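Number of protein chains: 2
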Amino acid sequence: MADNRKMWSDLGMNLELHDQLCEVLPQAFGDVFLSQENRPEAMDYYNMVVADIHGIRPAELIEHQKKGGKVFGTFCVYVPDEVIFAADAIATGLCGGSQFWVPGGEKVLPVNTCPLIKASVGARLDRTCPFFRIADMYIGETTCDGKKKAWEILSEDVPVYVMDLPQMKRAKDVQAWAEEITALKDQVEEFTGNKVTAEKLAAAIKLINDKRRALDRLYNCRKSEVLPISGTDALVISQIAFYDDPARFAQMTNKLCDELEQRIRDGVSVVPAGTKRIMLTGTPLAIPNWKLHNIVETSGAVVVCEEMCTGTRYFENLVDETKETVEDQIQAIAERYMKINCACFTPNHGRIDDIFRLAKEYKVDGIIDVNLKFCNLYDTEGYFVERAMKEAGIPVLGIETDYTDSDAQQLRTRISAFVEMLNSK
Amino acid sequence: MADNRKMWSDLGMNLELHDQLCEVLPQAFGDVFLSQENRPEAMDYYNMVVADIHGIRPAELIEHQKKGGKVFGTFCVYVPDEVIFAADAIATGLCGGSQFWVPGGEKVLPVNTCPLIKASVGARLDRTCPFFRIADMYIGETTCDGKKKAWEILSEDVPVYVMDLPQMKRAKDVQAWAEEITALKDQVEEFTGNKVTAEKLAAAIKLINDKRRALDRLYNCRKSEVLPISGTDALVISQIAFYDDPARFAQMTNKLCDELEQRIRDGVSVVPAGTKRIMLTGTPLAIPNWKLHNIVETSGAVVVCEEMCTGTRYFENLVDETKETVEDQIQAIAERYMKINCACFTPNHGRIDDIFRLAKEYKVDGIIDVNLKFCNLYDTEGYFVERAMKEAGIPVLGIETDYTDSDAQQLRTRISAFVEMLNSK
Chain A
906 MADNRKMWSD
916 LGMNLELHDQ
926 LCEVLPQAFG
936 DVFLSQENRP
946 EAMDYYNMVV
956 ADIHGIRPAE
966 LIEHQKKGGK
976 VFGTFCVYVP
986 DEVIFAADAI
996 ATGLCGGSQF
1006 WVPGGEKVLP
1016 VNTCPLIKAS
1026 VGARLDRTCP
1036 FFRIADMYIG
1046 ETTCDGKKKA
1056 WEILSEDVPV
1066 YVMDLPQMKR
1076 AKDVQAWAEE
1086 ITALKDQVEE
1096 FTGNKVTAEK
1106 LAAAIKLIND
1116 KRRALDRLYN
1126 CRKSEVLPIS
1136 GTDALVISQI
1146 AFYDDPARFA
1156 QMTNKLCDEL
1166 EQRIRDGVSV
1176 VPAGTKRIML
1186 TGTPLAIPNW
1196 KLHNIVETSG
1206 AVVVCEEMCT
1216 GTRYFENLVD
1226 ETKETVEDQI
1236 QAIAERYMKI
1246 NCACFTPNHG
1256 RIDDIFRLAK
1266 EYKVDGIIDV
1276 NLKFCNLYDT
1286 EGYFVERAMK
1296 EAGIPVLGIE
1306 TDYTDSDAQQ
1316 LRTRISAFVE
1326 MLNSK
Chain B
906 MADNRKMWSD
916 LGMNLELHDQ
926 LCEVLPQAFG
936 DVFLSQENRP
946 EAMDYYNMVV
956 ADIHGIRPAE
966 LIEHQKKGGK
976 VFGTFCVYVP
986 DEVIFAADAI
996 ATGLCGGSQF
1006 WVPGGEKVLP
1016 VNTCPLIKAS
1026 VGARLDRTCP
1036 FFRIADMYIG
1046 ETTCDGKKKA
1056 WEILSEDVPV
1066 YVMDLPQMKR
1076 AKDVQAWAEE
1086 ITALKDQVEE
1096 FTGNKVTAEK
1106 LAAAIKLIND
1116 KRRALDRLYN
1126 CRKSEVLPIS
1136 GTDALVISQI
1146 AFYDDPARFA
1156 QMTNKLCDEL
1166 EQRIRDGVSV
1176 VPAGTKRIML
1186 TGTPLAIPNW
1196 KLHNIVETSG
1206 AVVVCEEMCT
1216 GTRYFENLVD
1226 ETKETVEDQI
1236 QAIAERYMKI
1246 NCACFTPNHG
1256 RIDDIFRLAK
1266 EYKVDGIIDV
1276 NLKFCNLYDT
1286 EGYFVERAMK
1296 EAGIPVLGIE
1306 TDYTDSDAQQ
1316 LRTRISAFVE
1326 MLNSK
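The listed protein sequences derive, respectively, from chains A and B. Here my numbering is used: the first residue of the first sequence is 906, the next is one more, and so on. Here my numbering is used: the first residue of the second sequence is 906, the next is one more, and so on.
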């Protein structure tokens, strides 16, 4: 940990402020994770990653930079990591999941901005996130009003390159997105000095697909009635996927899945038979935002799926690996990413179809539709989501929350009532 | 007025609810407008239009429909009226400026949505706006998260066609916007059954440019130190421009300008020499939202310019009238509309340049940067606007408000203090 302090100091971080975060995180992790019973043994890896989340991976990124490599920070599941890794660079997620960072963001952003954006900007400006200090360039996108304008503020402090995501999903919009990916490739090539060849891009497509395949395998285990892993554990794995080395992440997650599949064969479940199975839909839950999973899973139910950016929207659908030219590969990448059904698109009917499909695949008893406060997109779309579920007879609970703990008791009351209702059906 | 009631009833309006609006509007108009001293005589026209705003123009639109013409409802200064009028159709603004309509919108939209969007949706769903009842089709756009998703709700009730506005202003984005305008033309042609020829489009370009020229002439009068018209009167003219027949509006506004220019020659000002000149920047003020102008102008200052959609963003820059093919005309239209500097673009440096230019042209003493509550775009951009003004030594007051009267007293206190500060400089 002494090494970490030197690293953080060298990164120009605000050590005093950062210490406050380091003091509370282990306790929070212990309370939420280590108190769970019958956890898979292979969770040890993720425990270790979270325990030293501002140490191990940042050190690796800095090592990469010392060898002349570049690091790109990204915020959104639409930014294609493939193009970045193909230029011998590393893409990493950035901090944004704790109330700790929110006040820093509120210094420059409207209070009526979603906590994810406020936390991200605060983490950067307050110098309390090593990933934000390390990244040589950030890749933003135009997925929502709040982020679109936040890039302008961040770009005064650090290089930000913004991709213009189309707002619809017509054929020409997929083409426009392919053009944006090509422009990103040009930018990444120029910034790294490395050429993105068809061979390198093929390898990067395979690398990221392997990560998706591992997550898909993990989520498949969660479809089983013998549930071998808690939602809380699955969530933190999804969260770590944004930061970790993709090859190692896939390897460790496949190792975990070996254990989980054995548990399914052995009939080892983390919950008693008949425990109500909950799917969360809506806005992302960035690390260390474990609030809802913790409440659900200490209220007698279990989370089996997240239709979220930290969930199925991150790993579903693979990039076609058979293309042989950079142009065709980029087309394939554009097509895969445009299959993600985010509320930033209008209309976004595909998302309702996704939720119905997932509810069936994961044998869901009830849905909690989660909105991070001031996310107008998911909040408005919730009108359609909740109506569609009700019409289909799927119990649904709409919840709005932020990163504070002030609503935890109220959420617990509402979620408990929801679970009780499911149990009495 | 008996005719109006029959018309409203035929339109399927909720007469009982609408009566409540009709009861308060004349009083509000009288309090704000008719109490002003030394108004130009030619304001009589606009007084009449407002007094019967749900009667005269709706009757004309229905007359147009009886002759087989179509009416398109629009929400935003980016939607090119030229294309609609070129198909022998009429474009009209829609209701959205009163708290009266907000609760109806809140039935289906998040409370954390800006009042303009909530009021628009409420006016439609509660059936209390004749323009919303008359329009055969609405043309939406992807300018902000709130509107983008609100179209999805409206489209369940009425045909909505959405244009995808690019989020940046690179050369390829202007081309993308030209493509969207071509797609709108195709849609309008199909819906009306009328072909948009180069001849008709040229006439429509001239028609809308003439309206812009009239507004430009009006605003030029406001640059004079001999101020011949109040900001409150100029605002209502800007608001009416969205609804009125464009040719008649230009004619009546030019007639008013004859009088205003004579006033300038005669040294007739509506305010005493030395009255502090205020520019409002920010979000639009839809009719009947006169709150801020009224407060400023009863606090000893005067509004000389609105850098708003209901202001300079509506009329500045003309469409090139020399193009001879539909393709070239659409290109010219795209170029003109992409010169509008809305906070929905990232980045949007041009807007800061506009504000500096306008502050100089209109001899502005102070700026009030106005944000409609929950408009994240203008709120975030306000960070840059207010900083730039402060750095340039231009006094600026940032204000957030909605359509309720609950903050009127607080706003009056803050604005009075701002004017007092300007007076003491």
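Just so you know, even glycine gets a beta-carbon here, dropped at the ideal spot from N, CA and C. Just so it is clear, the structure is predicted and the values come from calculations on it, not from any experiment.
Contact check, residue i vs residue j, beta carbons under 7 Å
i       : j       : result
B/F1147 : B/K1116 : no
A/H1198 : A/G1136 : yes
A/I1142 : A/Y1267 : no
A/I1235 : A/I1110 : no
A/V982  : A/Y1219 : yes
A/N1114 : A/D993  : no
B/D1050 : A/N1194 : no
B/A1237 : B/K1228 : yes
A/D1312 : A/T1306 : yes
B/W1082 : B/P1071 : yes
A/L1190 : A/T1217 : no
A/D1233 : A/M948  : no
A/G1027 : A/G1010 : yes
A/D1183 : A/A1206 : The question names Asp, yet the displayed sequence has Ile at residue 1183 of chain A. Contact: yes.
B/A956  : B/T979  : no
B/D1274 : B/V1301 : yes
B/T1047 : B/D1069 : yes
From the options, residue whose alpha carbon lies closest to that of residue i
i       : options                            : result
B/D1284 : A/T1180, A/D993, A/V1016, A/K1265  : A/V1016
B/V988  : B/R1292, B/I1192, B/K1105, B/I1200 : B/K1105
B/M1073 : B/M1243, B/Q941, B/F1261, B/P963   : B/M1243
A/I1272 : A/I961, A/L1263, A/Q1314           : A/L1263
B/F1096 : B/A1108, B/I1044, B/P1071, B/L1140 : B/I1044
B/E942  : B/E1202, B/Q970, B/R1182, B/D1078  : B/E1202
A/A964  : A/C927, A/R1038, A/R1292           : A/R1038
A/R1127 : A/Q925, A/D1310, A/V1175           : A/V1175
B/K1295 : B/G973, B/Q1092, B/F1279, B/D1270  : B/D1270
A/D1150 : A/E946, A/I958, A/D936             : A/I958
Buried or exposed by the 16-neighbour rule on C-beta atoms within 10 Å, applied to residue i
i       : result
B/M953  : exposed
B/N1328 : exposed
A/K911  : exposed
B/T1230 : exposed
B/E1130 : exposed
A/Q1314 : exposed
A/G1298 : exposed
B/M1326 : exposed
B/G1001 : buried
A/P931  : exposed
B/T1251 : buried
B/S1025 : buried
B/G1179 : exposed
A/T1188 : buried
Beta carbon proximity, residue i to chain E, threshold 7 Å
i       : result
B/P1020 : Included in the structure are the protein chains A and B, with no chain E among them.
Could you tell me whether the segment 1112 to 1131 of chain A touches the segment 1154 to 1170 of chain A, where touching means 3 or more Cβ pairs closer than 8 Å?
yes
Please identify, using Cβ separations under 7 Å, the residues of the segment 914 to 941 of chain B that lie next to chain A, in order along the chain.
none
Of all the residues that make up the segment 989 to 1018 of chain A, which are near chain B by a beta-carbon distance shorter than 8 Å?
V1013, L1014, P1015, N1017, T1018
Anything in the segment 1041 to 1054 of chain A with a Cβ closer than 8 Å to a Cβ of chain B? List those residues in chain order, please.
T1047, C1049, D1050, G1051, K1053, K1054
Which residues, in chain order, does the segment 1077 to 1094 of chain B contribute to contact with chain A at a C-beta distance below 8 Å?
K1077, D1078, A1081, E1084
Just by C-beta distance, which residues in the segment 1063 to 1074 of chain A are closer than 9 Å to chain B?
V1067, D1069, L1070, P1071, Q1072, M1073
For the segment 1274 to 1286 of chain B, list every residue whose C-beta sits within 7 Å of some C-beta in chain A, in sequence order.
F1279, N1281, L1282, D1284, T1285, E1286
Is the segment 1176 to 1195 of chain A touching the segment 1056 to 1069 of chain A in the sense that three or more CB pairs, one from each, lie closer than 8 Å?
no
Closer than 9 Å, Cβ to any Cβ of chain B: which residues of the segment 1300 to 1311 of chain A, in chain order?
E1305
With 9 Å as the C-beta to C-beta threshold (strictly closer), list the residues of the segment 1185 to 1216 of chain B near chain A in chain order.
none
Between the segment 1231 to 1251 of chain B and chain A, which residues of the former have a C-beta closer than 8 Å to a C-beta of the latter?
A1248, C1249, T1251
Please list the residues of the segment 960 to 981 of chain A that have a C-beta atom closer than 8 Å to any C-beta atom in chain B, keeping them in chain order.
none
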